[in-house]
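Peer 1: One structure coming up, written as structure tokens, with questions to follow.
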Amino acid sequence: TDLTSVPGVAAEAWTPVVSHWAQSPPTFQGRQVLLADVASFVRDLLASDPFGTGQDVPYIDFRPPSEGKVAAVTQRQLAFLAANALLGNSLVGTGDGLSAMLRRCGATPARRSYIYSLLSFLAVLSRELSPGSQGTTLVAAAPRGQDGSWKNALDTRLLDPTVCRRASAEGAAAGSGGAFDCGLPDFMAGGAQRQALTDIAGGVIGGGAELCDVASSQDESLVQFYSEVLVFAFFTSAANPDDASSSMLPVPWVVLGARRYLRELTGESMGDMCGRIQAKNWINEELPTHSVDAPVAGVQHSLMSSAFVGVASVCTECRQGGSCSHEEMLNNKCDAQRRHLDEDIALWYQAYEPAMYDSSVQQAFRAVIGRIGTGPWGAGVWYGDSQQYFLTVWLATSLLEGASLDYYIYDSFCENEGNQCFVLGSNENCEACVEKGALPGSGVKPSHCGPRGIRDVVEQFRDRPARELYDALAKVGPPPHQVFDLLDGK
Numbered sequence: 005t006d007l008t009s010v011p012g013v014a015a016e017a018w019t020p021v022v023s024h025w026a027q028s029p030p031t032f033q034g035r036q037v038l039l040a041d042v043a044s045f046v047r048d049l050l051a052s053d054p055f056g057t058g059q060d061v062p063y064i065d066f067r068p069p070s071e072g073k074v075a076a077v078t079q080r081q082l083a084f085l086a087a088n089a090l091l092g093n094s095l096v097g098t099g100d101g102l103s104a105m106l107r108r109c110g111a112t113p114a115r116r117s118y119i120y121s122l123l124s125f126l127a128v129l130s131r132e133l134s135p136g137s138q139g140t141t142l143v144a145a146a147p148r149g150q151d152g153s154w155k156n157a158l159d160t161r162l163l164d165p166t167v168c169r170r171a172s173a174e175g176a177a178a179g180s181g182g183a184f185d186c187g188l189p190d191f192m193a194g195g196a197q198r199q200a201l202t203d204i205a206g207g208v209i210g211g212g213a214e215l216c217d218v219a220s221s222q223d224e225s226l227v228q229f230y231s232e233v234l235v236f237a238f239f240t241s242a243a244n245p246d247d248a249s250s251s252m253l254p255v256p257w258v259v260l261g262a263r264r265y266l267r268e269l270t271g272e273s274m275g276d277m278c279g280r281i282q283a284k285n286w287i288n289e290e291l292p293t294h295s296v297d298a299p300v301a302g303v304q305h306s307l308m309s310s311a312f313v314g315v316a317s318v319c320t321e322c323r324q325g326g327s328c329s330h331e332e333m334l335n336n337k338c339d340a341q342r343r344h345l346d347e348d349i350a351l352w353y354q355a356y357e358p359a360m361y362d363s364s365v366q367q368a369f370r371a372v373i374g375r376i377g378t379g380p381w382g383a384g385v386w387y388g389d390s391q392q393y394f395l396t397v398w399l400a401t402s403l404l405e406g407a408s409l410d411y412y413i414y415d416s417f418c419e420n421e422g423n424q425c426f427v428l429g430s431n432e433n434c435e436a437c438v439e440k441g442a443l444p445g446s447g448v449k450p451s452h453c454g455p456r457g458i459r460d461v462v463e464q465f466r467d468r469p470a471r472e473l474y475d476a477l478a479k480v481g482p483p484p485h486q487v488f489d490l491l492d493g494k
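Basically our numbering = 1-based index in the sequence shown + 4.
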């Protein structure tokens, strides 16, 4: 195949992408990657046997019940699965989610991000992998069911979070998300060693965009930039062709060793989009190369020191039952936003605690994930209280073994724009942040900023037993006061 057409993707969707590629080849490692280079790599993949299993492919279905399941594959093996799906080769006797995604997305030709994502993944590996090299290993895993074990760690002392505030807009075009005052890159762009990226997910990774395109929410867009996550949809059964979610990965779910292959991506809203694939040179030239060695099922493997973790919060908008207006939720003024603390701690702990995963991958989990990057988890398009949720993830992260929190604050996060400004408080210019970040007419109002900000509440509870913060949040009062102000001990 020369990749001018492929059996696995409708020509109406495929042809515009490969024509664009031919006219304006992206660069990687300082040189253009021609479509012919990718095609040559694909032919080599299809002629090889990277699993060493002949016509068979090891398979596990991450569709529920998924608790405790693990799939460990190399970069070459994952590329082999992607190439086969593009060429129309699928599993015999059962469906696979990657092939189902290609059919589904191809039926709407205007949605093409997934094609750029898969081709760019293959393009990068065509340069990085020497002939016969397997590359690094990626480990996908689902944790076991919740068991309340997080409550046993409440006497742990709260760890200082690293709070990252956007310092300038410069640098966004390079894909790093601009400068942050903590010295770390945007958590969505990746690049910080041993930092896990938090996908603020719904029930499945990729959400309403169905793995097809970038969109206006973080979860829908992320999967397009983290191409390996997209390919891992192969490990779903696609049991119901009329239900896209049957070919999408359920959460909580983690990929150890995942990287970002496309630019540009930042948590800051780009108009009405969360991320945007560049018209030229869309491949990420800043791909992480740092790796760690760790055992997986007793065998030593090399994994990239980064991770992708999909985890859902409680859906406040679904839960509040008409007790609050939409504007009240936008301004952290709904009491229902403050009444699902235990559930949210349990969800976060289940996704990020190494002991919740199969024993075969726990050492690799600890080796890869040493810090957790997140924005306003819970307070995106499910409209939770941004102050309550910061304190929840700080508390829940402190209960974990061996991980610290990197919390990123945006003027205009690409979901629920402007609401995260409330974590600043008037002491840290909340009003100016809302004026700058909230969408016109959205209903997020600077008049609802309370006096206390994130640094005030961190100073209040730092190094205290987690139980103290838990008890305070469990009995926090209702609006109109913001959560941080209600916790003031004065």
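By construction, the Cβ of each residue, glycine as well, lies at the ideal position given by its N, Cα and C atoms.
#1: Please say whether D362 and R107 have beta carbons closer to each other than 9 Å?
#2: Which residues in the same chain as R116 place their Cβ atom closer than 6 Å to its Cβ, once the five residues preceding and following it in sequence are excluded?
#3: Consult DSSP for F55 and reduce its assignment to one of helix, strand or coil.
#4: Between E419, N431 and R468, which has its C-alpha nearest S446's C-alpha?
#5: Assign R67 to buried or exposed, taking buried as 16 or more other Cβ atoms, counted over all protein chains shown, within 10 Å of its Cβ.
#6: In the DSSP assignment, what are the bridge partners of Q304?
#7: Taking C-beta to C-beta, are A86 and V258 nearer than 9 Å?
#8: Who are the near neighbours of A75 in its chain, counting only those whose CB is closer than 7 Å to its CB and skipping five residues on each side?
#9: Quick one: which unbroken alpha helix (DSSP H) runs of 4-plus residues sit fully inside the stretch 15-76? Chain order, please.
#10: Hey, which unbroken runs of the beta strand (DSSP E) at 3 residues or more fall wholly within the stretch 196-230?
#11: Compare the C-alpha of P165 against each of D339, E463, A248 and C322 and name the closest.
#12: Give me the Cα-Cα distance between S121 and S137, rounded to the nearest whole angstrom.
#13: Any idea what DSSP makes of Y393, helix, strand or coil?
#14: Between which residues of its own chain and Q197 is the CB-CB distance below 7 Å, once the five residues before and five after are set aside?
#15: Compute the Euclidean distance between the alpha carbons of I209 and P256, then round it to the nearest angstrom.
#16: Take the Cβ of H452 as the centre, count every other Cβ of all protein chains shown within 10 Å, and call the residue buried at 16 or more, exposed below.
#17: Less than 8 Å between C-beta atoms, sequence neighbours within five positions excluded: which residues of the same chain meet that for G302?
#18: When you compare the stretch 374-381 with the stretch 325-333, are there three or more beta-carbon pairs, one atom per stretch, that lie closer than 8 Å?
#19: Could you pull out every residue in the same chain whose Cβ sits closer than 7 Å to the Cβ of R456, ignoring the five residues on either side in sequence?
#20: Helix, strand or coil: how does DSSP classify M252 here?
#21: Please check the pair L399 and Y474, which I expect to be a contact at CB under 8 Å, by giving their CB distance rounded to whole angstroms.
#22: With a CB to CB cut of under 6 Å and the five nearest residues on each side skipped, what residues in its chain are close to A104?
#23: How far does the alpha helix (DSSP H) with L123 in it extend, from its first residue to its last?
#24: Is the beta carbon of V427 less than 9 Å from the beta carbon of Q391?
#25: With distances taken from CA atoms, which of G454, A43 and K337 is nearest S130?
#26: Could you tell me which residues DSSP puts in a beta bridge with S408?
#27: Taking all protein chains shown into account, decide if G261 is buried (16 or more other Cβ within 10 angstroms of its Cβ) or exposed.
#28: Quick check: what's the CA-CA separation for S23 versus K284?
#29: Note the first and the last residue of the continuous alpha helix (DSSP H) segment covering F417.
#30: Look up L490 in the DSSP assignment and say whether it is helix, strand or coil.
#31: What is the DSSP secondary structure of T166, reduced to helix, strand or coil?
#32: What first and last residue would you give for the alpha helix (DSSP H) that runs through F465?
#33: Tell me which residues share the same chain as N336 and place their Cβ nearer than 8 Å to its Cβ, disregarding the 5 neighbours each side in the sequence.
#34: Are the stretch 404-421 and the stretch 342-350 touching, with three or more C-beta to C-beta distances below 8 Å?
#35: Go ahead and pull the three-state DSSP assignment for L334.
#36: What would DSSP say about A316, mapped onto helix, strand or coil?
Peer 2: On the basis of the supplied data:
#1: Within the sequence shown, residue 107 is the residue found at index 103, counting from 1. Within the sequence shown, residue 362 is the residue found at index 358, counting from 1. No, these two residues do not count as a Cβ contact at 9 Å.
#2: As a position in the sequence shown, residue 116 is number 112, starting the count at 1. Result list for R116: A17 and V21, in chain order.
#3: In the sequence shown, the residue the question calls residue 55 occupies position 51. Coil, per DSSP.
#4: Locating residue 446 in the sequence shown gives position 442, where the first residue counts as 1. Considering only alpha carbons, the answer is E419.
#5: Working through the sequence shown from its first residue, we reach residue 67 at position 63. Buried, because 16 or more other Cβ atoms sit within 10 Å of the Cβ of R67.
#6: Translated into the one-based positions of the sequence shown, residue 304 becomes position 300. DSSP links Q304 through a beta bridge to P299.
#7: What you label residue 86 is simply residue 82 of the sequence shown in a count that begins at 1. What you label residue 258 is simply residue 254 of the sequence shown in a count that begins at 1. 9 Å or more divides the Cβ of A86 from the Cβ of V258.
#8: What you label residue 75 is simply residue 71 of the sequence shown in a count that begins at 1. Within the same chain, A75 has close Cβ partners I64, A144 and F239.
#9: The alpha helix (DSSP H) runs of length 4 or more contained entirely in the stretch 15-76 are, from start to end of the chain, 15-27 and 39-50.
#10: Runs of the beta strand (DSSP E) inside the stretch 196-230: 199-205.
#11: As a first step, residue 165 must be located in the sequence shown, where it is residue number 161. The candidate whose alpha carbon is nearest that of P165 is E463.
#12: For the purposes of this step, residue 121 is identified with residue 117 of the sequence shown, where counting begins at 1. For the purposes of this step, residue 137 is identified with residue 133 of the sequence shown, where counting begins at 1. If you take the alpha carbons of S121 and S137, they lie about 22 Å apart.
#13: One-based indexing of the sequence shown puts residue 393 at position 389. Reduced to three states, the DSSP call for Y393 is helix.
#14: Looking up residue 197 in the sequence shown gives position 193. Annotation for Q197: H294 and S309 place their beta carbon closer than 7 Å to its own, counting only its chain and skipping 5 residues before and after.
#15: The residue given as residue 209 occupies position 205 in the sequence shown. The residue given as residue 256 occupies position 252 in the sequence shown. P256 has its alpha-carbon roughly 9 Å from the corresponding atom of I209.
#16: Mapped onto the sequence shown, residue 452 falls at position 448. Per the 10 Å Cβ criterion, buried.
#17: Start at 1 with the first residue of the sequence shown, and residue 302 comes out as number 298. So the list reads S364, once near-sequence residues are dropped.
#18: No, they do not touch.
#19: Position 452 of the sequence shown, counted from the start, is the residue given in the question as residue 456. By the criterion of a C-beta distance shorter than 7 Å, R456 is surrounded in its chain by G429, N431, F488, D489 and D492, once the five residues flanking it on both sides are discounted.
#20: In the sequence shown, counting from the first residue as 1, residue 252 sits at position 248. The answer is coil: DSSP assigns M252 none of H, G, I, E or B.
#21: Walking along the sequence shown from the start, residue 399 turns up at place 395. Walking along the sequence shown from the start, residue 474 turns up at place 470. Indeed they touch by this definition, with Cβ atoms about 6 Å apart.
#22: Within the sequence shown, the letter at position 100 stands for residue 104. For A104, same chain residues with a beta-carbon under 6 Å away, outside a window of 5 residues either side, are A242 and S251 in chain order.
#23: The residue given as residue 123 occupies position 119 in the sequence shown. From DSSP, the alpha helix (DSSP H) with L123 extends over S117 to E132.
#24: Here residue 427 refers to the residue found at position 423 when the sequence shown is read from its first residue. Here residue 391 refers to the residue found at position 387 when the sequence shown is read from its first residue. In this structure, Q391 lies closer than 9 Å to V427 by Cβ.
#25: For the purposes of this step, residue 130 is taken as residue 126 along the sequence shown, with counting starting at 1. Here the closest residue by C-alpha is A43.
#26: Taking the first residue of the sequence shown as position 1, residue 408 is located at position 404. DSSP lists R375 as the bridge partner or partners of S408.
#27: Translated into positions along the sequence shown, residue 261 becomes position 257. Here G261 is buried: its Cβ has 16 or more other Cβ atoms, across all protein chains shown, within 10 Å.
#28: Mapped onto the sequence shown, residue 23 falls at position 19. Mapped onto the sequence shown, residue 284 falls at position 280. Each residue's alpha carbon lies about 13 Å from the other.
#29: Position 413 of the sequence shown holds residue 417. Annotation for F417: no alpha helix (DSSP H) segment contains it, and DSSP assigns it neither H nor E.
#30: Position 486 of the sequence shown, counted from the start, is the residue given in the question as residue 490. Here L490 sits in helix by DSSP.
#31: Indexing the sequence shown from 1 puts residue 166 at position 162. Correct three-state label for T166: strand.
#32: Within the sequence shown, numbered from 1, the residue matching residue 465 stands at position 461. For F465, the enclosing alpha helix (DSSP H) has its first and last residue at I458 to F465.
#33: Within the sequence shown, the letter at position 332 stands for residue 336. Listed in chain order, the non-local C-beta contacts of N336 below 8 Å within the same chain comprise D389, S390, Q391, Q392, N423, F426, H452, P483, Q486 and V487, local neighbours out to five positions each way being set aside.
#34: Here the stretch 404-421 does not lie against the stretch 342-350, with fewer than 3 beta-carbon pairs under 8 Å apart.
#35: Within the sequence shown, residue 334 is the residue found at index 330, counting from 1. Looking at L334 - three-state DSSP - the assignment turns out to be helix.
#36: To locate residue 316, count along the sequence shown from 1; it is residue 312. If DSSP states are grouped into helix, strand and coil, A316 belongs with the strands.
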